[in-house]
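Residue 263 in the working numbering sits at position 237 of the sequence shown; the count goes up by one each step and never skips.
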Amino acid sequence: MNIKLAENFRAVFYAPFYATHALGLFAKEGLSITLLDSPSPGAGIAELVQGNIDVMWGGPLRVIKERDLKPRTDSSLVAFCEVAAKDPFFLVGKSDPAEFKLSDLLKLKFASVSEVPTPWLCLQEDLRDAGVDPAAIDRIDDKLMQENVRALLKGETDVVQLFEPFVSQCIEQGAGQVLQAANARGYTAYTTFISTVEGMRRNHDAFEAMIRAIEQFGPWLAEHGAVELARVVAPFYPDLSRETLVSSMQRYQQAGLWTCRRAISRAGFERLGLSMYHSGYVGHQPDYEDCVAECAYE
27 MNIKLAENFR
37 AVFYAPFYAT
47 HALGLFAKEG
57 LSITLLDSPS
67 PGAGIAELVQ
77 GNIDVMWGGP
87 LRVIKERDLK
97 PRTDSSLVAF
107 CEVAAKDPFF
117 LVGKSDPAEF
127 KLSDLLKLKF
137 ASVSEVPTPW
147 LCLQEDLRDA
157 GVDPAAIDRI
167 DDKLMQENVR
177 ALLKGETDVV
187 QLFEPFVSQC
197 IEQGAGQVLQ
207 AANARGYTAY
217 TTFISTVEGM
227 RRNHDAFEAM
237 IRAIEQFGPW
247 LAEHGAVELA
257 RVVAPFYPDL
267 SRETLVSSMQ
277 RYQQAGLWTC
287 RRAISRAGFE
297 RLGLSMYHSG
307 YVGHQPDYED
317 CVAECAYE
């Protein structure tokens with residue numbers, strides 16, 4: 027079974043996909059996977075709709091956004107197989123972590139993620155839960171994460187929103203420490219496989235094999251640990267030092283970020299949907315059954 031699989035973009039928290047590929051778990055299920063790069067986050071969606079690829083991984087946010095704009099048809103996107111079930115982002119700064127509160131962002135220089143929408147949408151819901159109006163925060167919203175790390179080092183900003191490996195790099199350089207971990211809120215549907223309704227039918231057997239392969243990652247990680255995971259996926263991150271990659275994998279494993287299971291958490295989907303709806307990113311609260319493939323119902 028031959029499958030064209032596109033990555034969303036190269037990220038450390040996508041390690042289970044790379045590890046499953048590198049460990050030969052897809053091959054053991056009879057799959058021949060062609061792993062394709064994506065030029066930018068979400069660019070694979072167009073390739074999927076045009077039929078140039080069979081499946082991609084990415085955020086269910088993109089499925090929810092599409093369904094908010096038009097009703098479901100055979101060409102519509104659907105999500106299946108949950109991999110990252112929690113938010114992989116962190117707030118990093120030089121404040122005292124024991125004293126830090128989200129309301130402190132009202133008086134600090136804060137830079138949010140600009141590359142993708144989900145981190146800020148989800149943080150806005152956390153702020154609302156804490157009684158803070160996100161619109162009241164004077165936010166730097168147009169810088170890349172690398173730029174925000176440099177600004178933190180120079181003291182030009184106080185708190186930045188980052189994922190790994192930037193978190194570990196900040197700590198290594200003495201730029202700051204973790205003030206808040208988004209994974210602490212619990213399940214938030216963050217990364218799944220995405221295909222189309224028609225694609226789910228056409229590639230049923232292959233996608234079932236992909237799910238079985240991904241589900242083997244959890245037991246493998248529990249047995250081998252983050253250090254071995256870093257070794258296995260190191261070729262996918264040639265610019266990262268071993269120390270940084272190990273630290274990143276350990277932080278994510280300890281966070282319980284990866285569930286790597288067939289079903290998509292209903293609680294996680296609801297949290298993501300509410301974050302999008304309350305932030306005005308979509309006009310309607312999404313319906314789980316309308317966005318998730320039937321084989322992935324919890």
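Backbone N, C-alpha and C define an ideal beta-carbon position, used for all residues, glycine too.
- For Gln279, no beta strand (DSSP E) run applies; the uninterrupted alpha helix (DSSP H) run containing it begins and ends at 268-281, by DSSP.
- As for any alpha helix (DSSP H) of minimum length 4 sitting wholly inside the stretch 46-122, the runs are 51-54, 70-75, 87-95, ordered along the chain.
- Burial state of Arg88 is buried, judged by a 10 Å Cβ sphere holding 16 or more other Cβ atoms.
- Per DSSP, the beta bridge partners of Trp284 are Ala110.
- In the three-state reduction of the DSSP assignment, Asn209 falls in the helix class, which pools H, G and I.
- A Cβ-Cβ separation of about 6 angstroms places Thr183 in contact with Ile166 under the 8 angstroms criterion.
- Contact annotation: the stretch 263-274 does not touch the stretch 290-309, with fewer than three C-beta pairs closer than 8 angstroms.
- Our two residues, Val258 and Val175, have alpha carbons roughly 27 angstroms apart in a direct line.
- If you check the CB distance, Ser121 and Leu179 do not come in under 7 angstroms.
- According to the DSSP assignment, Leu149 belongs to the alpha helix (DSSP H) that extends over 144-155.
- Minimum Cα-Cα distance from Glu224 among the listed residues Cys107, Lys54, Glu320 corresponds to Glu320.
- At a cut-off of 4 residues, the continuous stretches assigned as alpha helix (DSSP H) that sit fully inside the stretch 187-256 are 192-198, 223-228, 230-241.
- Note that the C-beta distance between Gln172 and Pro160 is not below 7 angstroms.
- Ranked by Cα distance from Ala232, the options Phe219, Asp94, Gly244 are led by Phe219.
- Contact check for Asp80 and Asn229: beta-carbon distance about 6 angstroms, within the 8 angstroms limit, so the pair qualifies.
- For Lys180, the three-state secondary structure derived from DSSP is helix.
- Arg268 is classed as exposed because its beta carbon has fewer than 16 other beta carbons within 10 Å across all chains shown.
- Under the DSSP definition of a beta bridge, Asn28 partners with Ser58.
- Comparing alpha carbon positions, the residue from Phe295, Trp284, Ile240 closest to Glu55 is Ile240.
- Scanning His310, Leu153, Lys30 for the CA closest to the CA of Gln76 turns up Lys30.
- Around Ser129, the same chain offers Ala156, Gly157, Val158 as residues with beta carbons nearer than 8 angstroms, after the five sequence neighbours per side are excluded.
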